[in-house]
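Colleague:
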Amino acid sequence: MQDLKLRANDNRGLSQLEAGFDLLGWHEITQGSILHSFDGDATNIVNLKAEERTYSGYNSYTATVASWRVDKPVFNIDVCIDCQNCWVWCPDSSIISRDKQMLGIDYDHCKGCGVCVEVCPTNPKSLLMFAEQRELGEALSQWPEKKKKEEKN
Amino acid sequence: MAITSIKNLKEFSTNNDRFEGAHTLCPGCAHSMIVRELMNCTDDNLVISANTGCLEVSTAVYPFTSWDTSWIHIGFENAATAVTGAEAMHKVRKRKGTLPDNDAPVKFVAFGGDGSTYDIGFQWLSGAMERGHDFTYICLDNENYANTGGQRSSATPIGATTSTAQAGSHSYGKKEKKKDIVAIMAAHGAPYVAQLAPNKWKSMAKGFQKALEIEGPCFINTVSPCTTEWRFDPKDTILLTDLATESLMFPIYEILDGHELNILYRPKNVLPVEDYLGAQGRYKHLFKPENKHVIEQIQGDIDKNWEMLQRREEARI
Amino acid sequence: MAEKFDLNEREVWDGNYAASQALRQADVDVVAAYPITPSTPIVENYGSYVANGYIDGEFIMVESEHAAMSGCIGASAAGGRVATATSSQGFALMAEVLYQASGMRLPIVLNVVNRALASPLNVSGDHSDMYLGRDSGWIQMDAFNAQEAYDLTLCAFKIGENHSVRLPVMVHQDGFTTSHTAQNTYPLTDEAAAKFVGKIVPVDDMLDFSRPVTYGAQTESDWHFEHKIKQHKAIMDSRPVIDEVYAEFEKLTGREYKRVESYNMEDADVAIVALGTTVETARIAAEELKSEGIKAGIVAIRCFRPFPFDQVREALKNVKCVSVLDRSSPAGAMGAFFNEVSAALYTTASRPLVTNFIYGLGGRDFSIEEAKRIFKEQQAHADAGHITTDIQQFSGLRGPYLGFFQTKRG
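Protein chains in written order, with numbering that gives the first Met the number 0: chain A, 0 to 152; chain B, 0 to 316; chain C, 0 to 409.
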């Protein structure tokens, strides 16, 4: 899922929030510490998906907090019922849903809180936490079987 | 107003977020769940203001903004005044025809934490409500000054430990009860006042849409569990909110025109408040034998409040 | 469309009414205000113009001065023309948000009717509130009478809204002596005033949804310094714009304004440097002293911020002794205005003698006789070649003599 072309601009993921921007001089910074969210006309933004938008370099969408994560959620599309619980409760706008379908996780913005896993209603869950460095394929190969009713907690 | 479909989550999920990731709120913070949902409830343009607080310091850290709409922060206390100043300017510019697009639909929304809403910005909020501006104020109530490290606010419930109302060998934490902000806002005669919770996403979305649609000043208190200061695992934010609403620590209800009260969620099996308190570190000390009376008092207050809400609902006045 | 307001070529207006007429003629979109003596009539009048259809605007009567400026900031970020008025305690309550307005580069116009700061409480004029604003990042202009309050308020919009400036502007006038004293005032016609001020062209407009904008970001140690210095430079760079606007106004009205005003300075030996209505008192004193053979001049600061360091130096470099009059309690220091003028003079080759009088606190009268006495004392210093009294003294103060600091140059 991570191959999905969701990069609105090529600058996506290049800037590290922790490292800050290029530290500009007084003559280069914006007047009044104003920040514009988009480059160009953004009138219709509400109708555009992330990959269709022209985010400016000031938009935090172009930054990443991936380094905050210790564990990461892994998504198993084979179990998912597209209920969108994870989408509505993700605090980091990191569940990629398109046309009512859950497609994957935005690992540039996910902080690894694990809320998505907790609210996932399927059996077994379609989202599980794994150590950050674990390969996705390996994680998916270790997916648990469906729990029997009496085993459910 | 161009409201979005909230028939079910699948429909709702077709909205394109206008609140972006890589903000610096804590992992599992409920603030951003609430903000995202508000912004996904409408397709209208939004002018949003925020009081100083967790939301503000985490979403506009120069040179990044997480807001895909017009946004302003001035100080700790004045988000209501900032956004209603903009609302007044919108009115006059619309009359004069000096807006870039005179027909562009727009809604005005202010966000504040409980510190800025219940305490330091109380006067500014009250003034803006009284003046009748067409705006919606949403309090992200995490019951403490989380941004400055967890001090007590007048929204902190009795018995909770905070850095300035500590539990210790001679104290069970905060001694005073939480201020009833919903009642105070309803007493302003506001057309729509509610208390909502992010675990009940649909009732929250319905409330947001009502507030945005109704002309005049609307106020919504939202429970926003704070993983850092309430001391629970970030993954459990929604679980904590469930415990809050199922124990009736946070009843979900609305008040129309200052008097008509509707309960929006009735738990099938009301949980004892111990279940809610026991899930958080900030109430751990209440389970010592000498503090048992505080839990009894909290349960008693919850029961009385629920009784009051039900009677007011029945009374229809 | 607003109703026609009938104006005579010559009106008898007090400073408050003059300022409020300037707000009407500038077609201010939003005034968010809270009443406080002696500035109240300015916003009351705006409210009355709205109520009677003389202006199409929104008058928001908020619940505090802090909220007044907060509402002005929200309104100004929403792209229209914004003004309000305040004094004293109200100004102090506004102080937090004054810095926010300038930091966001919002061209709000604030009429400040100068009044003392409590405690003890006092409703009369001094410059304590004006001084409180001096580091707030606003342009500060000072009117000495009703006509100037009107003229400078019109100029304030044109200066602040200029895209190379984009700063908020305060127009000061003295409480009661200017604000409540009716004087001959010559207004522009509504058409001429509107043409002079022009229409506001928004910058970073929150209501332009084609370009969503974030106001009020957090900047920590890696960014804050650059933003503050960019703003400081903008205030410094507003000097030629202020000069241009004054020049354009003179063309239109024949009334000349300079950032530093000089009277009788051509051959002056001694001078008073002052702000506000005191300037007019000192001018009469200087005229009267001519017959006594004292060459006395007055340097008045029209533009308190940006501080006209170079022009002050230029205006005073040829005098022998200068007294700087501070109308605010210095509270443990030399007068702030004294310090600024002295700093400018220290960089001249001639380095005139400089003394400091604290005067007029809480509306205490400053008479022509007292101005004469101060001039004569400066003449004595000049004749002696050094300051013969304490450097800091008090004018109009009851009780035993009080003074601080002796010169080391005598």
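All C-beta atoms, glycine included, are put in the ideal place defined by N, C-alpha and C.
Predicted, not measured: the structure shown is a model, and the values here were computed from it.
(1) What residues of chain A sit near A216/C, judged by a beta carbon separation below 7 Å?
(2) Just the chain B side, please: which residues come within less than 7 Å of T213/C by C-beta, in chain order?
(3) Under a three-way DSSP split, which group does G275/C fall into?
(4) Please report the residue range of the alpha helix (DSSP H) in which D189/C lies.
(5) Can you list, in chain order, the stretches of the beta strand (DSSP E) that have 3 or more residues and sit fully within the segment 350-382 of chain C?
(6) Rounded to whole angstroms, what is the Cα-Cα separation between S12/B and Q83/A?
(7) Indicate the three-state DSSP secondary structure (helix, strand or coil) for V168/C in the structure shown.
(8) Using 10 angstroms around the beta-carbon of E306/B, count the other beta-carbons present and answer buried if the total reaches 16, otherwise exposed.
(9) At least one CB of chain A closer than 8 Å to the CB of M103/C: is that the case?
(10) Do you know how far the Cα of D105/A is from the Cα of Q1/A?
(11) Give the interface partners of P120/A over in chain B, defined as CB-CB distance under 8 Å, in chain order.
(12) Given that a residue counts as buried once 16 or more other Cβ atoms are within 10 Å of its Cβ, and exposed if not, what is Y191/B?
(13) From S87/C to A115/C, what distance separates their C-alpha atoms?
(14) So, are the CB atoms of G27/B and P233/B less than 8 Å apart?
(15) Since A29/B meets chain A, which of its residues come closer than 8 Å, beta carbon to beta carbon?
(16) Give a yes or no on whether the minimum CB-CB distance between K48/A and chain B is below 8 Å.
(17) List, in chain order, every chain B residue whose beta-carbon is nearer than 9 Å to that of H65/C.
(18) By Cβ distance, which residues of its chain are closer than 6 Å to R11/A, with the 5 residues on each side in sequence left out?
(19) Return the CA-CA distance between I373/C and S101/C, expressed in angstroms with no decimal places.
(20) What separation, rounded to the nearest whole angstrom, lies between the Cα atoms of L139/B and V56/B?
(21) Compute the Euclidean distance between the alpha carbons of D221/C and A77/C, then round it to the nearest angstrom.
(22) Is any beta-carbon of chain B found at less than 8 Å from that of D40/A?
(23) Tell me which same chain residues have a C-beta within less than 6 Å of the C-beta of L270/B, skipping the five on either side of it?
(24) Which residues, taken in chain order from the segment 9-20 of chain B, show a beta carbon closer than 9 Å to some beta carbon of chain A?
(25) Taking the CB atoms as reference points, tell me whether L45/B and K106/B lie closer together than 8 Å.
(26) Name the chain C residues whose beta carbon is nearer than 8 Å to that of F37/A?
(27) Have a look at the DSSP bridge pairing and note the partners of P72/A.
(28) Check whether chain B comes within 8 Å of N58/A, counting only Cβ atoms and requiring the distance to be less than that.
(29) Rounded to whole angstroms, what is the Cα-Cα separation between N8/A and V87/A?
(30) Could you pull out every unbroken beta strand (DSSP E) segment of at least 3 residues lying fully inside the segment 266-330 of chain C, listed in chain order?
(31) Tell me which residue opens and which closes the beta strand (DSSP E) that E57/C is part of.
(32) Going by alpha carbons, who is nearest to T152/C out of A67/C, A18/C, T277/C and E62/C?
(33) Which two residues bound the contiguous alpha helix (DSSP H) that contains C154/C?
(34) Suppose contacts are defined by Cβ-Cβ distances below 8 Å. Is G114/B in contact with P216/B by that definition?
(35) Who pairs with M101/A in a beta bridge, going by DSSP?
(36) Since G111/B is in the beta strand (DSSP E), which residue starts that stretch and which ends it?
Modeller: Short version:
(1) What you label residue 216/C is simply residue 217 of the third sequence in a count that begins at 1. Those are S32 and L34, listed as they occur along chain A.
(2) Translated into the one-based positions of the third sequence, residue 213/C becomes position 214. Neighbours of T213/C on chain B, chain order: A59, T64, W66 and W70.
(3) Your numbering for residue 275/C matches position 276 in the third sequence. Note: G275/C maps to coil in three-state DSSP.
(4) On the third sequence, position 190 is the one that residue 189/C refers to. Looking at the DSSP string, the run of the alpha helix (DSSP H) that includes D189/C is D189 to V196.
(5) Taking only runs of at least 3 residues, the beta strand (DSSP E) segments lying wholly in the segment 350-382 of chain C are 352-358.
(6) Working through the second sequence from its first residue, we reach residue 12/B at position 13. Working through the first sequence from its first residue, we reach residue 83/A at position 84. Cα to Cα, S12/B sits roughly 7 Å from Q83/A.
(7) Here residue 168/C is taken as the residue at index 169 of the third sequence, counted from 1. Note: V168/C maps to strand in three-state DSSP.
(8) Translated into the one-based positions of the second sequence, residue 306/B becomes position 307. Label assigned to E306/B: exposed.
(9) Numbered from 1 along the third sequence, position 104 holds the residue referred to as residue 103/C. Interface residue, yes.
(10) Indexing the first sequence from 1 puts residue 1/A at position 2. Indexing the first sequence from 1 puts residue 105/A at position 106. For Q1/A, the pLDDT reaches just 40, beneath the cut-off of 50, and the residue's location in the model is therefore unreliable, leaving the point undetermined.
(11) Along the first sequence, one-based indexing puts residue 120/A at 121. Simply none; closest approach about 11 Å.
(12) Start at 1 with the first residue of the second sequence, and residue 191/B comes out as number 192. When all chains shown are included, Y191/B counts as buried.
(13) Along the third sequence, read from residue 1 onward, the residue named residue 87/C stands at position 88. Along the third sequence, read from residue 1 onward, the residue named residue 115/C stands at position 116. Going by the C-alpha atoms only, they are around 6 Å apart.
(14) For the purposes of this step, residue 27/B is taken as residue 28 along the second sequence, with counting starting at 1. For the purposes of this step, residue 233/B is taken as residue 234 along the second sequence, with counting starting at 1. Against a cut-off of 8 Å, the Cβ pair of P233/B and G27/B comes out as a contact.
(15) Numbered from its first residue, the second sequence carries residue 29/B at position 30. Residues of chain A passing the Cβ test: P90.
(16) Indexing the first sequence from 1 puts residue 48/A at position 49. Output row for K48/A: interface = yes.
(17) Here residue 65/C corresponds to residue number 66 of the third sequence, with the count starting at 1. Near H65/C (Cβ distances below 9 Å), the residues of chain B are G74, E76, N77, T80, Q122 and W123.
(18) Along the first sequence, one-based indexing puts residue 11/A at 12. Interpretation of R11/A is limited by its pLDDT of 42, a score under 50 that renders its predicted location unreliable; no figure is taken from the coordinates.
(19) As a working note, residue 373/C is residue 374 in the third sequence. As a working note, residue 101/C is residue 102 in the third sequence. Each residue's alpha carbon lies about 38 Å from the other.
(20) As a working mapping, residue 139/B is identified with position 140 in the second sequence. As a working mapping, residue 56/B is identified with position 57 in the second sequence. Distance between the alpha carbons of L139/B and V56/B: 14 Å.
(21) Residue numbering aside, residue 221/C sits at position 222 when the third sequence is read from its first letter. Residue numbering aside, residue 77/C sits at position 78 when the third sequence is read from its first letter. Whole-angstrom Cα-Cα distance: 29 Å.
(22) Reading the first sequence from its first residue, position 41 is the one you call residue 40/A. So no, D40/A is outside the interface.
(23) Residue 270/B sits at position 271 when you count from the first residue of the second sequence. The beta carbon of L270/B sits closer than 6 Å to those of E245 and S246, all from its chain and outside the five residues before and after it, given in chain order.
(24) K9, E10, F11, S12, T13, N14, N15, D16, R17, F18, E19 and G20
(25) Stepping through the second sequence from its first residue, residue 45/B is reached at position 46. Stepping through the second sequence from its first residue, residue 106/B is reached at position 107. Yes, they are a contact pair.
(26) As a first step, residue 37/A must be located in the first sequence, where it is residue number 38. Those within 8 Å of F37/A in chain C are R210 and P211.
(27) Counting from one through the first sequence, the residue named residue 72/A turns up at place 73. Secondary-structure assignment with DSSP links P72/A through a beta bridge to M128/A.
(28) The residue given as residue 58/A occupies position 59 in the first sequence. Under the Cβ criterion of 8 Å, N58/A is counted among the residues facing chain B.
(29) Start at 1 with the first residue of the first sequence, and residue 8/A comes out as number 9. Start at 1 with the first residue of the first sequence, and residue 87/A comes out as number 88. Note that N8/A has pLDDT 37, beneath the 50 cutoff, so the model's placement of it is unreliable and the number below is only indicative. Their backbone Cα atoms lie some 25 Å apart in a straight line.
(30) 269-273, 295-300, 302-304 and 320-325
(31) Position 58 of the third sequence, counting from 1, holds the residue named residue 57/C. Taken as a continuous stretch (DSSP letters only), the beta strand (DSSP E) holding E57/C covers E57 to M60.
(32) Residue mapping note: residue 152/C aligns to position 153 of the third sequence, counting from 1. Residue A18/C is the option with its Cα nearest to T152/C.
(33) The residue given as residue 154/C occupies position 155 in the third sequence. That run of the alpha helix (DSSP H) goes A145 to G159.
(34) Counting from 1 along the second sequence, the entry for residue 114/B is found at position 115. Counting from 1 along the second sequence, the entry for residue 216/B is found at position 217. No; because the gap between Cβ atoms is not below 8 Å, this pair is not in contact.
(35) Here residue 101/A corresponds to residue number 102 of the first sequence, with the count starting at 1. BP columns for M101/A point to S96/A.
(36) Taking the first residue of the second sequence as 1, we reach residue 111/B at position 112. Per DSSP, G111/B belongs to the beta strand (DSSP E) from V105 to G112.
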